[in-house]
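In order, the protein sequences belong to chains A and B.
Numbering-wise, our numbering puts 108 at position 108 of the first sequence, and it's gapless, one number per residue.
Add 1000 to a position in the second sequence, counting from 1, and you land on the number used in our numbering.
Here is the structure we will look at.
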Amino acid sequence: MPPIVSIVDVVKEYRLGKVVVPALQGVSLEVHPGEFISVAGPSGSGKTTLLNLIGCVDTATRGQVSVGGNDTGKLSERQLTSLRLDTIGFIFQSFNLVSVLTVYQNVELPLLLARRLDSAERRGRVNGLLEQVGIASHERHRPSELSGGQRQRVAVARALVTEPKLVLADEPTANLDSATGQNIIDLMKEMNRRKGTTFIFSTHDPKVMEHANAVIRLSDGRIAGRDLPRGPAEARA
Amino acid sequence: MLLLIAARSLWQHKLRSSLLGAAIASVTALLLVLTGISVAMRETILRAATTLMTGHVNVGGFFKVTAGQSAPVVTSYGKVMELAKREVPELDYAVVRGRGWAKLISDTGSMMVGVGGVDIDEEPGFREAVMVPEGRLDELRRPGTILIFREQAKKLGVKVGDTLTVSAPTFRGVNNTVDVTVVAIAADLGLLSSFNTFMPSDTLRALYQLKEDSTGVIQLYLRDREAVPKVESRLREVLARGGFQVMGADPRPFWEKFESVNREAWTGQRLDVTNWEDETAFVKFSVTLVTALSVAVTVVLLIIICVGIMNVMWISIRERTREIGTLRAIGMQRRTVLAMFVGEGALLGLAGTGFGAALGLLAAAAIDAARIPVPLGVQFFLMTDHLTVSPTPFWVAFAVCFITGAITLVSLFPSFLAARMKPITAIHHVG
Ligand SMILES: Nc1ncnc2c1ncn2[C@@H]1O[C@H](COP(=O)(O)OP(=O)(O)OP(=O)(O)O)[C@@H](O)[C@H]1O
Ligand SMILES: [Mg+2]
């Protein structure tokens, strides 16, 4: 099977006035469909930068980033946006729900942007997902009326509603207590198993890493290693 | 959904939105009231002028004994009247008026005025256009009487029952005078009334030593005002064919034409066909002035509002930068973001102007009902002694569309910048 993400010799430099901050210094990586991958590394090692490049919300200084077989460097802003809409789901550290919309509307939004389903199909899809993430009883609430864990469940549902091949999550549990964080990771894992969606998530938390099929270790903008997570064997299943 | 987000975002900042909406509403209402005033002016002018000093179409003219001496006279008007009645099926009714330009002399002052010769019993419309709080209009039936307007009465220092001397050059070139009694003092009609007085036709004929079959002008009133241009040109043709000398079209009131007529070499009778707009051309500028003033005031206010809108859009966009970033990240296209924010501006504009239109219509009705008196100086321009406002569907539609359009337009710029932000910078925006 062709890789869903393929990164070749990617360099990312941030320019702060005259200072050039190297965030990624020659990273190459392949991720295959159905993988559940964790990106780990100390603060400032380039985890967020890497996910942003894969998520097509930022562009590499040098090197090639391909998502779903598309060389993102060759796509226009419009095509990149369409790629994000169709192929990628995002889960953010601080949830980033639209505050003026209800839970239901937040989840429905990507479907409306995609304009592929009619309203009955949309309703079925959204309700099904709200059930699966266990938030169906709160569908009329605004995000501000929910707890952090509940909000992240909504975010998971929103990321999955278009049935993307790839879901990116930058520290999805960092703003949650460890039990709730565990919960969200379990939810992601379940979706990965059920739908075969590829997940790439970054984390500091070794407990969270344990659930991954593979851990990519970043250090100073380079890949320090790609290995199986250490931890209880059953978590690897 | 876009509109939902826009509407809910406005709703979330109720205070800010409602302040801005109220400002938009006030400007809309103001525009409606101001334009309503200028429309009302036009109507007043039309109504008052078309009874006081002009028909829809007029057949007047000049008679010259010598080349340099003209009088605003139509001799043997019977034949003209006959022709008009036969050739103008659009005619509702016609009246005959004497015309003069004379000096009014009282014990304490004098002034030049136009003098209309009326047969008050033949003109029921006259009573509706002229309000006579002092004296009685019916008395104008008696020979040797005059109706003047309040301001003229004040200048001349006369009351009802006083005597005035009217002096004018006859068309033979000698000055003639008659003494008349002030029997009615009418409420002012601004510019329309300041140059006008009325005497019984026979008294005016006596002043000018005219024969019974002479008059100043035949005023034709049509059933449909739209027919004016057609009737006007047809009359010119028909009169010329009927053996009359007809002057070329000249959009000025008759009393502005003496000089040019006097310079021309011809003698005898010439007819002049004019319409109501020609005869009231001298008041046009004040309508234009009021309209221009209204538009100018509105535009200035609108600019202020637009700056406000821009600012609010900036704030709104700054506050929602992260949201914009999120939306872009999950796949919202730039033009959709643009549409969302422009939609927000348009929505605010529409709500504001809609509310403002309702407010303006209410205000207009209230102002009309209150019969607010107009200060003297302003009366001159408004041509009425109390404020009337006639908002028209055109101006309502114009105000709503124009102001909403302007607001949408200014919200375009900040929205454009919002849409152009890189999703990543937007997402990581703090605040
Ligand atoms: N917008 C930016 N402008 C300048 N430098 C940046 C920017 N974003 C990140 N960097 C720098 O790039 C490097 C990598 O940052 P990145 O955010 O990818 O690290 P991270 O692994 O996600 O860290 P953390 O665990 O703290 O989230 C850091 O040195 C950081 O200072
Ligand atoms: Mg990070």
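Where a beta carbon is used, it is the ideal one built from N, C-alpha and C, also for glycine.
Note that the coordinates shown come from a computational prediction; the quantities given were computed from them, not determined experimentally.
Residue i burial status per 10 Å Cβ neighbour count (16 or more: buried)
i, result
"B/Met-1131", "exposed"
"A/Ser-35", "One detail in the question is off: residue 35 of chain A reads as Glu in this sequence, not Ser. When all chains shown are included, A/Glu-35 counts as buried."
"B/Gly-1431", "Here B/Gly-1431 scores only 49 on pLDDT, less than 50, and its place in the model is too uncertain to base an answer on."
"A/Tyr-14", "exposed"
"B/Trp-1266", "exposed"
"A/Lys-12", "buried"
"B/Arg-996", "Residue 996 of chain B lies beyond the stretch modelled for chain B, which goes from 1001 to 1431, so this question has no answer here."
"A/Ala-237", "Bear in mind that the predicted position of A/Ala-237 carries a pLDDT of just 42, short of 50, making it unreliable; the figure below should be weighed with that in mind. So A/Ala-237 ends up on the exposed side."
"B/Leu-1327", "buried"
"A/Leu-50", "buried"
"B/Gln-1245", "exposed"
"B/Ala-1240", "exposed"
"B/Gly-1114", "buried"
"A/Cys-56", "buried"
"B/Asp-1272", "buried"
"B/Arg-1086", "exposed"
"B/Phe-1413", "exposed"
"B/Trp-1011", "exposed"
"B/Ser-1260", "exposed"
"B/Val-1095", "buried"
"A/Ser-258", "In the structure as shown, chain A begins at 1 and stops at 237. Residue 258 of chain A is therefore absent and cannot be evaluated."
"A/Arg-226", "exposed"
"B/Arg-1172", "exposed"
"A/Leu-16", "exposed"
"B/Ala-1346", "buried"
"B/Ser-1017", "buried"
Residue i CB to nearest heavy atom of ligand 1 below 8 Å
i, result
"A/Ser-38", "no"
"A/Gly-221", "yes"
"A/Gly-134", "no"
"A/Tyr-104", "no"
"B/Ala-1366", "no"
"B/Ala-942", "Residue 942 of chain B lies beyond the residue range present for chain B, which begins at 1001 and ends at 1431; the question has no answer from this structure."
"A/Ala-23", "yes"
"A/Pro-42", "yes"
"A/Ser-94", "no"
"A/Leu-29", "no"
"A/Tyr-168", "Note on residue identity: the sequence assigns Leu, not Tyr, to residue 168 of chain A. Incorrect: A/Leu-168 has no Cβ contact closer than 8 Å to ligand 1."
"A/Ser-45", "yes"
"B/His-1428", "yes"
"B/Leu-1362", "no"
"A/Leu-218", "yes"
"A/His-204", "yes"
"B/Leu-1409", "no"
"A/Leu-16", "yes"
"A/Leu-50", "yes"
Query - Residues proximal to ligand 2 by C-beta, any heavy atom closer than 7 Å - result: A/Lys-47, A/Thr-48, A/Asp-170, A/Glu-171 and A/Ser-202
Report task. Count the CB pairs spanning the region 1012 to 1026 of chain B and the region 1164 to 1171 of chain B that are closer than 8 Å, and state whether there are at least three. Result -> The region 1164 to 1171 of chain B and the region 1012 to 1026 of chain B do not touch, with fewer than three beta-carbon pairs separated by less than 8 Å.
Query - Chain-ordered residues of the region 43 to 63 of chain A with a beta carbon less than 8 Å from chain B - result: Asn-52, Gly-55, Val-57 and Asp-58
Requested in this report: Using a Cβ-Cβ cut-off of less than 9 Å, give me the residues of the region 199 to 221 of chain A that come near chain B, in sequence order.
Outcome: none
Query - the region 1150 to 1162 of chain B touching the region 1118 to 1130 of chain B, judged by at least three CB pairs closer than 8 Å - result: no
Query - Cβ pair count under 8 Å reaching 3, the region 1327 to 1335 of chain B against the region 75 to 87 of chain A - result: yes
Query raised in the report: So does the region 102 to 111 of chain A actually touch the region 132 to 142 of chain A, counting three or more Cβ pairs closer than 8 Å?
Result: yes
Report task. Closer than 7 Å, Cβ to Cβ, to anything on chain A: give me those residues from the region 1281 to 1293 of chain B, in chain order. Result -> Within the region 1281 to 1293 of chain B, no residue qualifies.
Report task. May I ask you to list, following chain order, the residues of the region 1328 to 1350 of chain B that have a beta carbon less than 8 Å from some beta carbon of chain A? Result -> Answer in chain order: Arg-1328, Ala-1329, Ile-1330, Gly-1331, Met-1332, Gln-1333, Arg-1334 and Thr-1336.
Query raised in the report: Looking at chain B, which residues of the region 100 to 125 of chain A have a Cβ within less than 9 Å of any of its Cβ atoms?
Result: Listed by position along the chain: Val-100, Leu-101, Gln-105, Glu-108, Leu-109, Pro-110, Leu-112, Leu-113 and Ala-114.
Query raised in the report: Three or more C-beta pairs closer than 8 Å, one from the region 124 to 131 of chain A and one from the region 1026 to 1044 of chain B: is that the case here?
Result: no
Requested in this report: Using a Cβ-Cβ cut-off of less than 7 Å, give me the residues of the region 29 to 40 of chain A that come near chain B, in sequence order.
Outcome: none
Query raised in the report: With contact counted as at least three CB pairs below 8 Å, one residue from each stretch, are the region 1180 to 1197 of chain B and the region 1044 to 1064 of chain B in contact?
Result: Yes: the two stretches touch, three or more of their Cβ pairs being nearer than 8 Å.
Query raised in the report: For the region 1006 to 1019 of chain B, which residues have a beta carbon sitting closer than 8 Å to at least one beta carbon of chain A?
Result: Here the close residues are Arg-1008, Ser-1009, Trp-1011 and Gln-1012.
Query raised in the report: Okay, do the region 89 to 98 of chain A and the region 23 to 35 of chain A touch, 3+ Cβ pairs below 8 Å being the bar?
Result: no
Query raised in the report: Do the region 1315 to 1323 of chain B and the region 1055 to 1073 of chain B touch if we need at least three Cβ pairs shorter than 8 Å?
Result: At 8 Å Cβ cutoff, the stretches do not touch.
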